[in-house]
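Chains as they are written, first to last, in this note's numbering: chain A, 1 to 414; chain B, 1 to 274.
Where is the CB? At the ideal position from N, CA and C, for every residue including glycine.
For clarity, every value in this text was computed on a predicted model and none was experimentally measured.
Working notes, structure below.
Put into structure tokens, the structure is as follows:
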């Protein structure tokens, strides 16, 4: 038995109706396991979001910003040389790397900054792993003239130094977190501690489909634009639904964003690619759905890497954005119901795919995204084998270039 | 209400508060982290606390991601885990203390270690080890009522201690108080655990408003570190929780000095000059 199994706090609204009662769970997963101090803020956010969803002015402002500031819709690119190398296709890349700031993260930060403005909160905090969410949050805060503090693990500050500088250029304060594993998990702990202290004046822009309700749903809804666009674009090009939709999964926001438009179409396979790090048997990985078990971290019940004593196990991945021991609760729900499949790709294959996509398509992907590319080049041929497939190219790899150069000894070889 | 019909709460915690209240005094509720400064050190600290006049003791089971805790308890938790402390180990510390002292103990931890242990199994093992209450920082009242009910051992005898914060609305406070047993834990300020220079000015009014809602004793914690603060809170509330300050003293000056620190707080709460 797991927590929440017997309860459906809030319940789900009838299909097609606006949520009368907010649904706080996805099956047994999700919930809001947080300190009492945060309950009122979560209630207020839930209520504000429900009002925003009914407000045509909110939707109009958001879509204008996504069009004129973010650069949406992002293109759907047919990757013919990748198809040739992978031996199957057609394969399309949903080019989130071309959105402003270079990753999908900005879809969510613009939406949440609008919510914060509606709530009268002018101080924003965020956690970041690879730095993309931090940059996207700092960007939204610059645009809306809000104070911005970003928590980042000390190890990530080192491996994503360029993004730290970008955040500072945008006027944000980056606070390096030295506790625990010094990565995204601990940055999130510290952001929550800040929020517990500052909740009356501060909004926490959480960066993925994780955290206590209503965050997983809010972030999903703001990212769902990816899948809506991809669906319409593919329909225009091929006149069909994709056979498979593929995306990398850390917390899982780009995956949930592109999956969501296809959840009701049972014939579309939804495939999430986790980070197997140095191998699932090595203990050094971030594959919560593949190798974890249900537990409670950062406010929700979801698959979690943990030891036999219920202590959270350190995650590992070459990519800072996937280096997280938890995962969004809706992914856990999809895993258990079988609606989505989750596989894992290791550091080595991801690094190889990072190079391959650059050489084949002239696109340097983020190391996170490279895990999904590796699946296309590897297991995808036998496991999927026929297109059209849509891969969420969640971010560009510029932020990773110096890290990869260092890993591969590029500087010392010259 | 979370309690199944006919469930018997501990009674021992409420009795400890009642005994103090009858004398016009407030209860002293220290927090000890199992495994800090060591397994034996935490056991010694429990005994020092009992000797110093603790009425109820919170025994923390360390967790890797204590997101409601400030730097002091975080560090103590990490050191306890590095020293090999586990959930079962903490229950062992409790059982050993229970063999030597009748002071009621509330286990204080986060949901995940309890969940991984097995909710019903944990409840029974905790009761068996001598726990009188359980407080889970990340299980706010009403978040998972079925789980709350499963945390109460079949044999009865355990309180589920609930937290209230300055941000808790009056409507919600009434619901939280209604389902609680033992005592209510009022968080003195928004924020994480840890010593602070000053108490918030609204504290007396807020505790007064809570009294209108409940007959349960009200303990106040988070940020209480000095004799003056303890004396002030003792006048306002039924109990004074001291955590980080106690850890600071035991880290700096050792377990025995920590006992003297508690005795000095006890004195201040009872109006004894120090």
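In the structure shown, residue 363 of chain A falls within a coil segment according to DSSP collapsed to helix, strand and coil.
For residue 382 of chain A, the number of other beta carbons within 10 angstroms of its own is below 16, and it is reported as exposed. Bounds of the beta strand (DSSP E) holding residue 125 of chain A are 123 to 128. According to the DSSP assignment, residue 51 of chain A belongs to the alpha helix (DSSP H) that extends over 39 to 54. Scanning A:77, A:340, A:48 and A:196 for the CA closest to the CA of residue 66 of chain B turns up A:196.
By the 16-neighbour rule on beta-carbons within 10 angstroms, residue 127 of chain A is buried. For residue 192 of chain B, the chain A residues whose Cβ falls inside 7 Å of its Cβ are 193, 196 and 197, in order along the chain. Between residue 143 of chain A and residue 262 of chain A, the C-beta gap is not smaller than 8 Å, which leaves the two residues out of contact.
Around residue 95 of chain B, no beta-carbon contact reaches into chain A at under 9 Å, the shortest distance being about 18 Å. Residue 30 of chain B has B:242 as its beta-bridge partners, per DSSP. Going by DSSP, residue 135 of chain B is part of the beta strand (DSSP E) stretching over 133 to 136. Annotated as proximal: residue 303 of chain A and residue 335 of chain A, with beta-carbon spacing under 8 Å.
DSSP, reduced to helix, strand and coil, places residue 295 of chain A within a strand of the structure shown. Only 63, 64, 65, 66, 67, 68, 69, 70, 71, 74 and 75 from the stretch 63 to 75 of chain B bring a Cβ to less than 9 Å from some Cβ of chain A. Relative to the Cα of residue 109 of chain A, the nearest Cα in the group A:248, A:231 and A:215 belongs to A:215.
The beta carbon of residue 117 of chain A sits closer than 7 Å to those of 144, all from its chain and outside the five residues before and after it, given in chain order. Scanning chain A for C-beta atoms nearer than 9 Å to the C-beta of residue 164 of chain B yields 36, reported in chain order. Residue state for residue 203 of chain A is assigned as strand, using DSSP reduced to three classes.
110, 111, 112, 113, 114, 115, 116 and 117: these are the residues of the stretch 105 to 117 of chain B whose beta carbon lies less than 9 Å from some beta carbon of chain A, given in chain order. Residue 153 of chain B has a beta carbon lying at 8 Å or more from every beta carbon in chain A. Annotation: residue 235 of chain A to residue 255 of chain A spans about 20 Å, alpha carbon to alpha carbon.
With contact defined as three or more Cβ pairs closer than 8 Å, the stretch 394 to 401 of chain A and the stretch 10 to 25 of chain B are not in contact.
Among the bridge pairs identified by DSSP, residue 94 of chain A is matched with A:76 and A:392. Under the Cβ criterion (8 Å, minimum of three pairs), the stretch 306 to 322 of chain A counts as touching the stretch 112 to 125 of chain B. Here residue 109 of chain B carries a strand assignment [DSSP, helix/strand/coil]. Against residue 210 of chain B, chain A offers no close residue; the least beta-carbon distance is about 13 Å (beta-carbon pairs closer than 7 Å). Residue range 57 to 60 is occupied by the beta strand (DSSP E) that includes residue 57 of chain B. Beta-bridge partners assigned by DSSP to residue 103 of chain A: A:395.
Straight across, the Cα-Cα distance linking residue 205 of chain B with residue 185 of chain B is about 16 Å.
Taking 9 Å as the Cβ-Cβ cut-off, the stretch 292 to 310 of chain A approaches chain B at 293, 294, 295, 296, 297, 298, 299, 301, 304, 306, 307, 308, 309 and 310, given in chain order.
Taken through DSSP and simplified to helix, strand or coil, residue 199 of chain B comes out as coil.
Residue pairing by DSSP places residue 173 of chain A opposite A:149 in a beta bridge.
Annotated as proximal: residue 122 of chain A and residue 147 of chain A, with beta-carbon spacing under 8 Å. Around the beta carbon of residue 355 of chain A, fewer than 16 other beta carbons sit within 10 angstroms, so the residue counts as exposed.
Closest in alpha carbon position to residue 283 of chain A, among A:165, A:240 and A:346, is A:346. Annotation for residue 32 of chain A: the continuous beta strand (DSSP E) segment containing it runs 29 to 33.
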